[in-house]
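Residue numbers (our numbering), protein chains in the order written: chain A, 29 to 195; chain B, 13 to 150.
C-beta atoms are modelled at their ideal positions from N, C-alpha and C, and glycine is treated no differently.
One structure below.
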Amino acid sequence: MNHQKNEGFAEFYAAARDGCLQAVRAAVGDPVQAEELTAEAFARALVHWRKIQHHPAPRAWVVRVALNTHVSWWRKRRREVQWPGGGPEQDRVASAESELDGPALTALRTLPRRQREVVALRVILDLDTYATAEALGISPSTVAVHYSRATAALRTALADPEERMTP
Amino acid sequence: MTEDNEHPGHSERTISELLSAELAATHMTRPAEQITARATALRRRRATLSAALAVLTLGTLGSTGALLLSSPTPQRIVPVTSATAPASTGQPSATRAPTTAATARSSSATPGSETFQHGPAYLGHQSTATTATTASTS
Numbered sequence: 029m030n031h032q033k034n035e036g037f038a039e040f041y042a043a044a045r046d047g048c049l050q051a052v053r054a055a056v057g058d059p060v061q062a063e064e065l066t067a068e069a070f071a072r073a074l075v076h077w078r079k080i081q082h083h084p085a086p087r088a089w090v091v092r093v094a095l096n097t098h099v100s101w102w103r104k105r106r107r108e109v110q111w112p113g114g115g116p117e118q119d120r121v122a123s124a125e126s127e128l129d130g131p132a133l134t135a136l137r138t139l140p141r142r143q144r145e146v147v148a149l150r151v152i153l154d155l156d157t158y159a160t161a162e163a164l165g166i167s168p169s170t171v172a173v174h175y176s177r178a179t180a181a182l183r184t185a186l187a188d189p190e191e192r193m194t195p
Numbered sequence: 013m014t015e016d017n018e019h020p021g022h023s024e025r026t027i028s029e030l031l032s033a034e035l036a037a038t039h040m041t042r043p044a045e046q047i048t049a050r051a052t053a054l055r056r057r058r059a060t061l062s063a064a065l066a067v068l069t070l071g072t073l074g075s076t077g078a079l080l081l082s083s084p085t086p087q088r089i090v091p092v093t094s095a096t097a098p099a100s101t102g103q104p105s106a107t108r109a110p111t112t113a114a115t116a117r118s119s120s121a122t123p124g125s126e127t128f129q130h131g132p133a134y135l136g137h138q139s140t141a142t143t144a145t146t147a148s149t150s
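In structure tokens form, the structure reads like this:
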């Protein structure tokens, strides 16, 4: 029964897991949290596998679910009382791992959330503007604006300091 | 891209390549079995929630029905009539109309009740009004 329900999921997971994780990591920033979110999104994809296997862009669906879950986790955590030291041990480990990121990921982390999500879907998952718009539930023109601003900001951030000084 | 001339080292393609290179080492370490186990737990939770919702719905409907059936004589709303209103002897009448049977009963039996005592003529006449009330009820 379950085998029939899950048919094809193992192949999808094997093929899509790294790409989805990378996209979620690019959008979220935190590698530990990104893996948690991606795993949760894949589990939800399996719950709805009958529908998801016919989805035009199942990877985008997984990334979108992961990003939505991130927002809802953030909302939930916002109401919690924070630890006096600045957060639990896991947070500190995660931020330490984030500090090892290269210049592109570091620059990406400075962008607003929506811009990071657009970059993650367009660059990492290689979706076009329309697929990105559908995945994020926003209009294609908004995607274009976010993408343009994000790439401009990244270009500025990644430019050499000397180059940045010249007008 | 047209911007290649502005920043030859960091065109859009280069940003993409940089990001891909930095993310290349990121791999999903969770085995598929863990995802399947989590999905099974989620399915179970969904089933439990729907069962609980069904029980709640039935329970709510059931208790409402039981409440309707168990009260053959629902609370009556007694209107203010001439019989229940205090006599017009120059004293102020109740300012609030009684809405339930209990209120109607209290205002009709005791003209010097709470409603009456808050009337404008109450000041300075408390003792007589209360005495008259006590006398009339007893």
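**OP:** Could you pull out every residue in the same chain whose Cβ sits closer than 7 Å to the Cβ of residue 159 (chain A), ignoring the five residues on either side in sequence?
**Re:** Within the first sequence, residue 159 (chain A) is the residue found at index 131, counting from 1. The answer, listed in chain order, is 85, 88.
Which one of A:94, A:81, A:73 has the shortest CA to CA distance from residue 49 (chain A)?
In the first sequence, counting from the first residue as 1, residue 49 (chain A) sits at position 21. Distance from the Cα of residue 49 (chain A) is smallest, within the candidate group A:94, A:81, A:73, for A:94.
message: Helix, strand or coil for residue 139 (chain A)? Go by DSSP, reduced to three states.
response: Within the first sequence, the letter at position 111 stands for residue 139 (chain A). Looking at residue 139 (chain A) - three-state DSSP - the assignment turns out to be coil, as it is neither helix nor strand.
inquiry  = Give me the chain A residues within the contact set of residue 28 (chain B), using Cβ-Cβ distance strictly less than 7 Å, ordered along the chain.
reply    = Here residue 28 (chain B) corresponds to residue number 16 of the second sequence, with the count starting at 1. Those within 7 Å of residue 28 (chain B) in chain A are 151.
Neighbourhood of residue 185 (chain A) by C-beta, 6 Å cutoff - its chain only, sequence neighbours within 5 removed: Counted from its first residue, the first sequence places residue 185 (chain A) at position 157. If we look at residue 185 (chain A) and ignore the five residues flanking it on each side, its Cβ neighbours are 135.
In chain B, what lies closer than 9 Å to residue 63 (chain A) by C-beta?
Position 35 of the first sequence, counted from the start, is the residue given in the question as residue 63 (chain A). From the beta-carbon of residue 63 (chain A), the residues of chain B found nearer than 9 Å are 38, 40, 41, 42.
Quiz prompt | Beta carbon of residue 50 (chain B) nearer than 9 Å to that of residue 132 (chain A) | solution = Here residue 50 (chain B) is taken as the residue at index 38 of the second sequence, counted from 1. Here residue 132 (chain A) is taken as the residue at index 104 of the first sequence, counted from 1. By the CB criterion at 9 Å, residue 50 (chain B) and residue 132 (chain A) fall outside the cutoff.
Tell me the residue span of the alpha helix (DSSP H) that contains residue 71 (chain A).
Mapped onto the first sequence, residue 71 (chain A) falls at position 43. Counting along the chain, residue 71 (chain A) sits inside the alpha helix (DSSP H) bounded by residues 59-75.
Which residues in chain B have a C-beta closer than 8 Å to the C-beta of residue 133 (chain A)? List them in chain order. As a first step, residue 133 (chain A) is located in the first sequence; it is residue number 105 there, counting from the start. Listed along chain B, the residues sitting closer than 8 Å to residue 133 (chain A) by beta-carbon distance are 31, 34, 35.
Quiz item: Considering only the beta carbon of each residue, do residue 75 (chain A) and residue 68 (chain B) sit closer than 9 Å?
Solution: Locating residue 75 (chain A) in the first sequence gives position 47, where the first residue counts as 1. Locating residue 68 (chain B) in the second sequence gives position 56, where the first residue counts as 1. No. Outside cutoff.
Short check: CB of residue 71 (chain A) to CB of residue 151 (chain A), under 9 Å? Along the first sequence, read from residue 1 onward, the residue named residue 71 (chain A) stands at position 43. Along the first sequence, read from residue 1 onward, the residue named residue 151 (chain A) stands at position 123. Not in contact: residue 71 (chain A) and residue 151 (chain A) (Cβ atoms no closer than 9 Å).
key: Given residue 178 (chain A) as reference, the closest of A:169, A:154, A:161, A:146 once Cα atoms are compared   = Here the question's residue 178 (chain A) lines up with position 150 in the first sequence. Proximity to residue 178 (chain A) across A:169, A:154, A:161, A:146 peaks at A:146, based on C-alpha coordinates.
Would you kindly work out how many angstroms separate the C-alpha atoms of residue 60 (chain B) and residue 100 (chain A), rounded to a whole number?
The residue given as residue 60 (chain B) occupies position 48 in the second sequence. The residue given as residue 100 (chain A) occupies position 72 in the first sequence. So the alpha carbons of these two residues sit roughly 22 Å apart.
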